[in-house]
Amino acid sequence: MAVDSERNQDVLIGTKPRAQVEAAYQRLEHKAATPGLRTPFSLGAVAALEWALGRAAEAPVTGAAGTGRVPSSHLLTAELDAAVVQLGDPTESAERAAQVRGVHDALAWVCGLIDEQP
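The opening position of the sequence shown corresponds to residue 0 in numbering that gives the first Met the number 0, with each subsequent residue numbered one higher.
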């Protein structure tokens, strides 16, 4: 496995090359910052990709402390599992559910479970 560094675009994040995850993050970050395009879903997806890139202080669903490094596949799937559990919670608000759906879809893509980028 390649060394985890910002300069090494060959590093895999889940099943995706860092460059591909970075491109998706940049696209979604721009969308989330654009008036009229910012949605809870896009905010959740941005948070998930930021965490997957090792840049977030905490995981988007569990709030587990970030390490400043790309999370292992085990941590990525654990956070995805936590999103699945929250999506099944009928007490969540519609806004929070949409945000968690964004996290779920972004992490499912990173982990190779779905082909379509969020």
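Ideal Cβ placement from N, Cα and C applies to all residues, glycine included.
Nothing here was measured: the structure is a model prediction, and the numbers come from that model.
For residue i: DSSP bridge partner residues
{"i": "P16", "result": "L11"}
{"i": "E21", "result": "Per DSSP, none; premise fails for E21."}
{"i": "E57", "result": "A64"}
Inter-residue CB distance, residue i and residue j (contact presumed, cutoff 8 Å)
{"i": "G111", "j": "G13", "result": "6 Å"}
{"i": "L79", "j": "L106", "result": "4 Å"}
{"i": "S41", "j": "A51", "result": "That pair is no contact at about 15 Å."}
{"i": "P59", "j": "A46", "result": "4 Å"}
{"i": "A81", "j": "T61", "result": "5 Å"}
{"i": "V69", "j": "V10", "result": "7 Å"}
First and last residue of the uninterrupted alpha helix (DSSP H) at residue i
{"i": "R95", "result": "93-109"}
{"i": "G43", "result": "39-51"}
{"i": "L36", "result": "It is not in any alpha helix (DSSP H) - L36 carries neither H nor E in the DSSP assignment."}
{"i": "A81", "result": "72-86"}
Residue i, DSSP secondary structure in three states
{"i": "A64", "result": "strand"}
{"i": "E115", "result": "coil"}
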